[in-house]
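> My structure is below; once you've seen it, I'll send some questions.
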Amino acid sequence: MIKFDRLWETMRKKNVSTYQLREKCGIDSKTVRRLKANENIETKTLDKLCRALNCSLEDIAEYVKD
């Protein structure tokens, strides 16, 4: 399972709200909801998040064995 708990930690450290993230990344509220629920998202969304937060993939997602 891919978890996005690290995304919320990275956002908190960088003082970025979900509103700012939507504005910076151009992702919609539906995608934010999917991230919060650890549901599937497109790799282009991961790219947008990493660019907007100036971070690596490991800073926003992790694999956790079921």
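Numbering follows my numbering, in which position 36 of the sequence shown is assigned residue number 168; successive positions increment by one, without gaps.
Quick reminder that beta carbons are idealized off the backbone N, C-alpha and C, glycines included.
What you are looking at is a predicted structure, and each value in this text was computed from that prediction instead of being measured.
1) Measuring alpha carbon to alpha carbon, tell me which of K146, M133, I173 ends up nearest A199.
2) Taking the C-alpha atoms as reference points, what is the distance between K180 and L139?
3) The alpha helix (DSSP H) spanning M143 covers which residue range?
4) When you compare each of C187, N170, E174 to Y195 by their alpha carbons, which one comes out closest?
5) Could you name the residues of the same chain whose beta carbon sits closer than 6 Å to that of R124, not counting the 5 residues immediately before and after it, in chain order?
In short, the structure shows the following:
1) An answer regarding residue 199 cannot be provided, because it is not within the stretch 133 to 198 covered by the chain.
2) Taking the first residue of the sequence shown as position 1, residue 180 is located at position 48. Taking the first residue of the sequence shown as position 1, residue 139 is located at position 7. Taking the straight line joining both Cα atoms gives about 12 Å.
3) One-based indexing of the sequence shown puts residue 143 at position 11. Start and end: 137 to 145.
4) Taking the first residue of the sequence shown as position 1, residue 195 is located at position 63. Per the Cα distances, N170.
5) Because the chain here runs from 133 to 198, residue 124 falls outside it and cannot be looked at.
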